[in-house]
Structures are given as C-alpha cells and as structure tokens.
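What follows is a single structure, written as structure tokens, with notes after it.
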Amino acid sequence: MRRLFIFAGFLLLNLGVFAESLEYHRVYTPQEGMSAEEIMKIKYHNKYSLYSYDYQQIGEVLYVDPSGFTRKRVWKRQRIVKADQEGISYKDLVVMTYPTQVKGLAVLTWTYQDPEKDQNVWLWIPSLKKVRKISASEDDDAFMGSDFTVEEVSTRRFEDESYKLIGSKNFPGYKFEHTGEVKFKDKPCFVVECTPLKPHWYYSKRIVWIDKDTGGNIFEEYYDKNGKLFKTLFREWVWTDLADKKYPTQISLECKDLRTNHRTVILMKDTEYDQGLSEYDFTIKALMRSRW
Amino acid sequence: MGKVLFLALLFLGGNLWARPVNDNLEYAGYLKTEFWLKNYNDESHLSLSSFKNTFDLEVEYELSENWTFFLHPRYFYDFAYDLRDDYNSYFDKNQFKMGHTQRTEWLRDCYLDFTSDKLDVRIGKQQVVWGQADGLPFLDRVMPFDLTYYWLPDFADIRIPLWMIKVEYSPWLNSTLQFLLIPDFEVSRSAPAYAPFAFKANNDFETWKASQEALGRRVHKDLYRPAKKFKNSRVGLRWRSMFGDIDYTLNWLYGYTNSAYNYSEGTDSSGGVLNYYFSRKNKLSHLIGFSFNKSFINPGLFEGWTLRGEFAYIHNEPTYYGTRGSRKRTERTDKYTYVLGFDRTFFTNWDFSLQFSQFIHDKKTFEGYQVINSYTYGLMEKIENTLTLKIATDFIHERLKPEVLVIYGDDNDGRISFKAKFEVRDNLWFTLGYHHFWGPPRGSNGQFRNNDHLVLETKYTF
Chain A
1 MRRLFIFAGF LLLNLGVFAE SLEYHRVYTP QEGMSAEEIM KIKYHNKYSL YSYDYQQIGE
61 VLYVDPSGFT RKRVWKRQRI VKADQEGISY KDLVVMTYPT QVKGLAVLTW TYQDPEKDQN
121 VWLWIPSLKK VRKISASEDD DAFMGSDFTV EEVSTRRFED ESYKLIGSKN FPGYKFEHTG
181 EVKFKDKPCF VVECTPLKPH WYYSKRIVWI DKDTGGNIFE EYYDKNGKLF KTLFREWVWT
241 DLADKKYPTQ ISLECKDLRT NHRTVILMKD TEYDQGLSEY DFTIKALMRS RW
Chain B
1 MGKVLFLALL FLGGNLWARP VNDNLEYAGY LKTEFWLKNY NDESHLSLSS FKNTFDLEVE
61 YELSENWTFF LHPRYFYDFA YDLRDDYNSY FDKNQFKMGH TQRTEWLRDC YLDFTSDKLD
121 VRIGKQQVVW GQADGLPFLD RVMPFDLTYY WLPDFADIRI PLWMIKVEYS PWLNSTLQFL
181 LIPDFEVSRS APAYAPFAFK ANNDFETWKA SQEALGRRVH KDLYRPAKKF KNSRVGLRWR
241 SMFGDIDYTL NWLYGYTNSA YNYSEGTDSS GGVLNYYFSR KNKLSHLIGF SFNKSFINPG
301 LFEGWTLRGE FAYIHNEPTY YGTRGSRKRT ERTDKYTYVL GFDRTFFTNW DFSLQFSQFI
361 HDKKTFEGYQ VINSYTYGLM EKIENTLTLK IATDFIHERL KPEVLVIYGD DNDGRISFKA
421 KFEVRDNLWF TLGYHHFWGP PRGSNGQFRN NDHLVLETKY TF
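Chains as they are written, first to last, in this note's numbering: chain A, 1 to 292; chain B, 1 to 462.
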C-alpha cells in the first residue's frame, strides 16, 4: 500500500507540474499517458540539464567529410542553473581548448526564462585580447560549422514548435558510425512529430524519438518542405549516478547531413554535476581572465 | 648560426612538439611564415616587402587553484633583407629595425595571476585592453602600439606589452573596479623611413634631412623618454558594471603619452655650420572616457542588433599645427572622440559590423596655423569622420573564413582589406589577404595609395 502511495505521488508530481514549467533541480521522466507537450517539456528540461545546479564537461567535436577526412575541436563547458533568479534560466561558459588556432576563444551566454528573449552573448576574442558583446547567432546557422544548427544545440525552446504524439514504439537501433556499434536497439520510446511555428523554416517537421527511461531525445529525423528526409541526429543518453541521485546525461551525438554525407560527432566526457561552481565564474571578469 | 637554428626550428620544430603534458602545465604555439608582396613598384623598394618567419610559444603553469604563471615569448626574423642583399637601398638599411624582433618585444606576456571570486591580480608583462571599437584605438590607449605595418595586423600583435600591476576587484557580481599601475614605459613606434608602411611625415623629414646634410648642414634629433622611475608610472582606473541589459565602463588614465611628439628646438651656426635641433618628447596627458554595449534581445524592430560605443576625452595631448606638409607648432590641446557600432547577423551566417566615429579637435587653429595629421602632416578639419564596415562569413563547415573590412574617411580617404583563412587541417592554416588603399597623398590611408599589398600566410600550430 505504501509503495502504491509513493508511486501515485510520483505520478501526480510528474503530471501536476505540466500546467506550468517544470521545476528546476528536479529530475523528470516521461510516463505512459502523458501528452506530447508533457513529454517534450521533459525532453527540454533534460536537454539543458535544468535538473542540476551546475555541471561541467569536456566536449570533442569531429567534423567528418564523405572521404573520412576529420577535423577536431575541443571545448570545456561549464553551466550554472539560475532557476529563474533575476529572470535567468542558466548561464554557460564555453572555452575552446583545441586546436591552437581557436584555443582561448570563449563564449559566455546567459539564457533567460522568458522564451521570447534572445540570449545575451559575450565573446572573448584572442586575436584582439578583448571581450565583445555579440548578437545571438541565427538559430539556423551551423553550430561551430558543424551539421548541427545553433538551435539544435543551444537555443531551441519548447515554445518554438507544435507537437503531435505519434505513439509508443521500440527504437529500431542506430548504427553509430563513429564506433560502428548499433545503439539503443529495441529501446521503448515515445515518438513525437514536431512542427516549427516559424514560417519558412529550414525544416518542415521533425520526428523525435524520446527514450522512456531517461526522457532524452535519442533520435531525430528532419524533413524538408517537400517532405524529404535530409538530416538525422542521434544522441546517446545514459544515467549518471551521483551519491544520492542520478541524472540523465548525453555522452555522444552524431548528426548526418544526408544531402552532403558530411557528419558531425560530439563526444562528451568528464561530466561532473553539482560541484558548487561560483556564479562569479560566469561574469565578464571571468571571461577576461583568458590567457590564450 | 642563429639563423640556422631558427630555420631548423621552423622546418623541423613542428615534429618535436607534443601536446601537454600534465594537469598543471599546458602549452601551445605556432610557426608562421608571411609573404608581403607589393603590387605597385616605385623607387623605394621592390615587390617583396616582407618574408617574415615567426616562432611563438605560450606556456601556462597552474601553481595552485588560485595562482597561475603564464609565459609567452615570440621571435620573428624577416628574410626579405637577406634575400635582396642590397645594402645601398633604403629598404635594406631598415633591416636593423625591421628585420627582427625589437628590444624586449620578444616577451609578449610574463605574469603571475591570482584569481578569486572577488579579487583578481595580474602582476607582470601583459596587455590591457579598453573600449568597444573595432580597429579604432580611442579608449584602447593603455598600451603603446607598434605601427610598423600600419594598423593591418591583429590588434593583439600591434599592442606593445608592458610590465604592470592590474587589480580587478568585484564588490558585487557583474561589477568590477580595475586599477592599473604601470611603472614600465615603451614608446609607440612606427616604421623607419622608406619602409613599406613608413608614414609620410617620417619620409618627408628624412628626405629634408638628407637634402640639408648634402648642403653641409647638420640635423640633430634628440629623444627624451620619461625616466623609468616609479614616480613616472602611469595609472588607470576602470569601473565596469551593468545597468539593466547595458554593459558600461567608466575609464580614466593618466601618465605620459605612448606616442612621442616632435618639437623644433631652434637653430644655430656653431663652428660655421648651420645646425637644426629637433626633439621628440612624451608629455603628461589625461584620458577620461566611457563605453557601453547593448544587445537587443527582446522581440521588436531592433531584435538581433547589438549597439556599442565608446567616448574618450583626451586632455593636454600634444597636437601639430602648420600648413600642408609642414609642422610649425606643437601645442597641447584637448580632443574628443567617439565611435558608435552596430552589429547584426543577416542571411544565417553573414556578420555585419558598421561603425561611425568622429575625432574632434578642441582647437582647429593655433596662431594662424591649422591642425595637421601627426602621421602625414596633411591638413585636418575640426571634426574628422570615419565609417567602417566589416563583413564576415564562413563556408565548408567553417574551413573557409573570408572577411572584408572597409574604412572610409573624409576627403575620400580609405582602405579595403580582404582576408580569407583556410583550415587545411587542425594545425595548418593558409591565409590570403589583400590591402588596397586610396585617398589624397596626405590622407591617413591615402599616403599608402601606391602601396597595395598581397599577403600570403602559412601557420602551423602545435
């Protein structure tokens, strides 16, 4: 009986919050019976790590052209979740560490709770040794020249699309070309069709597979205005065990442009949560400490 | 022998280096070769202006969580002078000043950093940068400049680093008071006469000097630098904070000017020879200014735009007065400068940056003489206007990054600089650039109107 109450309480807690935004610093997972909107809210909550207080990780980006020629970028990212204090959702600091040509380039981003507001972005430019406030990138611009767009990595919000639940399905599996492994075969998923609200956008719809276990969007298919599939995006979500809790974490991504056969792989490592990062590390003064 | 060692480093060095090392020690650097080719020959020099080879190394050692040491040496050698080997030309006479790294400039950074939430202290040789403008040094006057290649290189390479103490104290989040104490002094320098980017005024003076000496007269030029004493230290303060969405700074700098100014000290005819006496001096000056920036992040007409600006009031800075091509007086006057910048991304990944600036002289005339350009001795107006436009984009997954910068001033004086960088692989970059100048002979850019340059660069990083 006690277990039933706990389960019912958990279910109510999960369902009850969806009339409004999800609470910060809490982990949600999708449940049977949820609407497409409720499932997607959880997906965004997880995508931006809003369940945590802070996190840091190393990211390695591989740009692979059809011949196999590969270029690499490495960054260190830190995030502090402000949980709507002063209207700010979270602050990010990304510092490039490889290759030398871009080493030291650092980007400080403040993302606001209000979905209508763009991000505030400051850039440390090593060739000028100077901080510049810059306009937020266009959402459909390539993220660091990759096959991902800016919005696919950092700016897309729940409010940017409308949603239709297609149903529950087992994921057929994805061959992760970087290692050759087949990932997530037969993983139970919710399948959601997302339609952008912006007119004449770079895709007409995308089909998103949401892992029922972690709430992560493990696979996305992008369709153009003629209904032709032109891009796929795979994300590997796992649970990260902490002392008294566990957080869903992305550890690898692969984006394939089916028109050019170019692909981008992002590998995340050394992810650490709730280390007590100081908000002073997300200021312009901190950005100006860059030595490279 | 030195050259041989340098060549060996240049061509073999890349294989000797590896990536770092351990958690505390990190390094990076590059070997760079640049060709500067002048595409319009005149009498002063031939096509190859520079064949410059640079070795650069940056080392960071983390002593503890709060303390870090950073070292950054750089050395260059220009082989153009050896290749030409014509010691009778002005071009090759400049080898002494242009052929290799000057004075202590091989040491770009050498400092100890203390960092904490509230207090950062950086002690040692470093650069400090103020202001919001691109390519216009109105507030960016803490460091002296190396203008041997005009304003064409990256600004981080144009600034001459100085030994100083920089303290940054944050009484609260997003607000910082910066204090600078600069006991070191280096004077801004320009290219020697007849070098590819020598200023018109400098060339004219050397020509006049040669003509006088040909007549048996003597021209004396004495340099008076501020003594390297603690009491001659420059000091600066900057308050940085946010007012809503607007970042702003308030700036104050006091000390000797980075530039040295020419003074006429008279003539005499001792020993039956006519002597001309000139001096170059740095004078005490104040700079007071502010800067701001704001990104329009709310929905509306201006969404996506970033507005930035800076203003500087320069008090008691030496100013030249005279007639076209001739300096008659050097007087200390006030100047006001400001720049407004507008940035926006269009068409997905085309970055546009437009700047408008004005340089205002407090006194247009002095004793009947008009204010003149320090570098060209061309006549200036009370208000000088400049417009700059920079457009940058990228192709092939950011492997190819072209950009173009247009600078346009009064009297149809301007420059257009094109640059395209191509990433061959992670550690190898090619750059192709072209600088085209136009304008009147004594315009800031027009003085180089017969001096268009093609620049080719290879950079190997490690």
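All C-beta atoms, glycine included, are put in the ideal place defined by N, C-alpha and C. Please read all numbers here as calculations on a predicted model, not as lab measurements.
Exposure of residue i, with buried meaning 16 or more beta-carbon neighbours within 10 Å
i                 : result
Ser-259 (chain B) : buried
Val-424 (chain B) : exposed
Ile-166 (chain A) : exposed
Pro-318 (chain B) : buried
Asn-24 (chain B)  : exposed
Val-61 (chain A)  : buried
Trp-122 (chain A) : buried
Lys-459 (chain B) : buried
Phe-185 (chain B) : buried
His-220 (chain B) : exposed
Gly-2 (chain B)   : With a pLDDT of only 44 at Gly-2 (chain B), under the threshold of 50, the placement of this residue in the model should not be trusted; the figure read from the coordinates follows. Label assigned to Gly-2 (chain B): exposed.
Glu-32 (chain A)  : exposed
Trp-208 (chain B) : exposed
Closest by C-alpha distance to residue i, when choosing among the options
i                 : options                                    : result
Ser-49 (chain B)  : B:Trp-67, B:Thr-68, B:Asp-82, B:Asp-23     : B:Asp-82
Phe-143 (chain A) : B:Asp-410, B:Tyr-408, B:Phe-356, B:Ile-396 : B:Ile-396
Leu-253 (chain A) : A:Gly-87, A:Val-238, A:Ile-284             : A:Val-238
Tyr-169 (chain B) : B:Phe-138, B:Lys-118, B:Thr-148            : B:Lys-118
Trp-292 (chain A) : A:Gly-104, A:Val-94, A:Leu-22, A:Pro-30    : A:Gly-104
Phe-69 (chain B)  : B:Glu-58, B:Phe-76, B:Tyr-75               : B:Glu-58
Thr-388 (chain B) : B:Met-242, B:Asp-452, B:Phe-347, B:Phe-342 : B:Phe-342
Thr-54 (chain B)  : B:Thr-33, B:Ala-201, B:Thr-176             : B:Thr-33
Leu-379 (chain B) : B:Thr-101, B:Phe-302, B:Lys-328            : B:Lys-328
Phe-234 (chain A) : A:Lys-245, A:Phe-69, A:Phe-219             : A:Phe-219
Met-34 (chain A)  : A:Val-192, A:Lys-47, A:Leu-50, A:Ala-106   : A:Val-192
Ile-383 (chain B) : B:Gly-244, B:Asp-362, B:Gly-271            : B:Asp-362
Pro-66 (chain A)  : A:Asp-274, A:Thr-260, A:Thr-283            : A:Thr-260
Arg-519 (chain B) : B:Asn-66, B:Asp-56, B:Gln-95               : Residue 519 (chain B) falls outside the range modelled here, since chain B spans only 1 to 462, and no answer is possible.
Per DSSP, the bridge partner or partners of residue i
i                 : result
Asp-54 (chain A)  : A:Ile-80
Pro-248 (chain A) : A:Trp-239
Asn-66 (chain B)  : DSSP lists no partner for Asn-66 (chain B).
Phe-346 (chain B) : B:Trp-350
Asn-262 (chain B) : B:Arg-280
Met-98 (chain B)  : DSSP, once it has assigned bridges, lists no residue as partnering Met-98 (chain B).
Thr-319 (chain B) : B:Glu-331
Ser-241 (chain B) : B:Tyr-248
Gly-309 (chain B) : B:Phe-292, B:Leu-340
Contact with chain B by residue i, beta-carbon distance below 8 Å
i                 : result
His-200 (chain A) : no
Ile-284 (chain A) : yes
Asn-120 (chain A) : yes
Lys-231 (chain A) : no
Asp-54 (chain A)  : no
Ser-35 (chain A)  : no
Pro-126 (chain A) : yes
His-262 (chain A) : yes
Ser-204 (chain A) : no
Glu-116 (chain A) : yes
Asp-270 (chain A) : no
Lys-130 (chain A) : yes
Lys-72 (chain A)  : yes
is_contact[residue i, chain A] using C-beta, thresh 8 Å
i                 : result
Arg-74 (chain B)  : no
Ile-123 (chain B) : no
Leu-173 (chain B) : yes
Pro-299 (chain B) : yes
Leu-5 (chain B)   : Because Leu-5 (chain B) sits at a pLDDT of 41, beneath the cut-off of 50, its placement in the model cannot be relied upon, and the following sentence gives the value as read from the coordinates. No, Leu-5 (chain B) lies away from the interface with chain A (no Cβ there is under 8 Å from its Cβ).
Phe-70 (chain B)  : yes
Thr-148 (chain B) : no
Glu-34 (chain B)  : no
Trp-239 (chain B) : no
Tyr-477 (chain B) : Residue 477 (chain B) lies beyond the range of chain B shown here (1 to 462); nothing can be said about it.
Asn-22 (chain B)  : no
Ala-18 (chain B)  : At Ala-18 (chain B), the pLDDT of 39 sits below 50, so the modelled position is not reliable and the matter cannot be decided from this model.
Select from the segment 333-355 of chain B all residues with a C-beta closer than 7 Å to any C-beta belonging to chain A, and list them in chain order.
Asp-343, Arg-344, Thr-345, Thr-348, Asn-349
Members of the segment 82-114 of chain A near chain B, C-beta cut-off 7 Å:
Pro-99, Thr-100, Gln-101, Lys-103
Residues of the segment 182-205 of chain B with Cβ closer than 8 Å to any Cβ of chain A, in chain order:
none
Give me the subset of the segment 381-396 of chain B whose CB atoms are less than 7 Å from a CB atom of chain A, sorted by chain position.
Asp-394
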